[in-house]
Amino acid sequence: MLEKLTPLLTQSKFLEGVTRFISLHIPYNYDSYKAAELYVYKRNRKGAKLDPENLSAVLGLKTEEMGRVEAHIKLKKRSVSIKFKVERESALPMFLEKSAELANALGKDFSLAKLSAERLIEKTTLETAEANLNFIIKAEAGSFDFRV
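When we follow the numbering used here, the leftmost residue of the sequence shown carries the number 1468, and every step to the right adds one.
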């Protein structure tokens, strides 16, 4: 899938001047899913190419049983972190119970670093996704406390 998305992302050069991230929104419809969106992000650095081992993505699905479900995915090297956000709170335990199956599905090439599930408060849009990514980047960078 990454191989197919890479050319599309590199063609999105026009977004580089608008935002700190290059994003691609892909609307998608399939069987029982009423609507789906895929947002793929990369840091907007001049001349930087997409790094297929370090990316962030949000997959949003509208389902009949669980309402809206979003998977916020962060890939760093071969380590995958996923935060599920679910509209119907009754579905939350299922995501945590299936973590072992998900880890096995990733196979030998990837490891599941972190899995969490929480209630969906606000649907991800292009604007809110960028705000969430800024928060993630600040959290990854950590903080520095210097006192004299």
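Think of the CB as a built atom: it goes at the ideal place given N, C-alpha and C, for glycine as much as any other residue.
If you follow the alpha helix (DSSP H) that residue 1566 is part of, which residue opens it and which one closes it? 1566–1572
Any beta-carbon of chain B closer than 8 Å to the one on residue 1568? Absence of chain B from the displayed structure is noted, only one protein chain being present.
Cβ distance (whole Å) where residue 1505 is taken to contact residue 1547 below 8 Å: That pair is no contact at about 16 Å.
Cutoff 6 Å; reference residue 1539; Cβ partners in own chain excluding five residues on either side: 1525 and 1550
Which of the three DSSP states is assigned to residue 1591 in this structure? coil
Determine the burial state of residue 1537: buried for a count of at least 16 other Cβ atoms within 10 Å of its Cβ, exposed for fewer. buried
Which residues in the same chain have their Cβ closer than 6 Å to the Cβ of residue 1541, if we skip the five residues on either side of it in sequence? 1523 and 1548
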